[in-house]
Amino acid sequence: MIDSSAYLDALAEAKSPRPDGPQVISLLERAHLEGDDRATYALAQCSRYGSFGYPIDPRKAHDLTKTLENSNIAEAIFNLARDYDIGHCVRANPKKAFSLYMCAALLGDAESCAQIAQYFSRGEIVPLNKKTAKAWKARSK
Numbered sequence: 704m705i706d707s708s709a710y711l712d713a714l715a716e717a718k719s720p721r722p723d724g725p726q727v728i729s730l731l732e733r734a735h736l737e738g739d740d741r742a743t744y745a746l747a748q749c750s751r752y753g754s755f756g757y758p759i760d761p762r763k764a765h766d767l768t769k770t771l772e773n774s775n776i777a778e779a780i781f782n783l784a785r786d787y788d789i790g791h792c793v794r795a796n797p798k799k800a801f802s803l804y805m806c807a808a809l810l811g812d813a814e815s816c817a818q819i820a821q822y823f824s825r826g827e828i829v830p831l832n833k834k835t836a837k838a839w840k841a842r843s844k
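Residue numbers (the working numbering): 704 to 844.
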């Protein structure tokens, strides 16, 4: 992953008392083009929620998040897992969702741990195993 100064500048601007939305977006776009995964995730979130005046575009949010599938950004992988879980912007794929939830859980995402617990408690995709479900549930807290 590239550590872009543009990302750090965008973060500082976003945290300022009166952030300049277009400036934040411009810096994030520059950092994204420089290869900073954090900026890519931030742009995806801006696109998902319309932050800093960025137009809401679920497809763009998904496409940006999809590029982070092999990153170490647990939250991005969780969002991608959820897309596959519910069929948001992609055809629902429970096995792919489980795999992505597992990756995000192993990177420390608590919500993903809770999802993995549900798979084991229901016996979906994986064999029913209440003990394993309980262990994953404990990790989600």
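All C-beta atoms in this analysis are idealised placements derived from N, C-alpha and C, irrespective of residue type, glycine included.
For the set Q726, P722, S754 and P720, the Cα lying nearest the Cα of A709 is the one of Q726. For T743, the uninterrupted alpha helix (DSSP H) run begins and ends at D740 to Y752, by DSSP.
For the 8 Å CB-CB criterion, K763 and S750 form a contact. Considering only L810, I759 and E814, the residue with the shortest C-alpha distance to R785 is E814.
By the criterion of at least three beta-carbon pairs nearer than 8 Å, the segment 754-762 is not in contact with the segment 773-780. Residues D786 and C792 of the same chain have their beta carbon placed closer than 6 Å to that of H765, with the five preceding and five following residues left out of the count. In this structure, A836 and F823 form a Cβ contact; the two beta carbons are roughly 4 Å apart against a cut-off of 8 Å.
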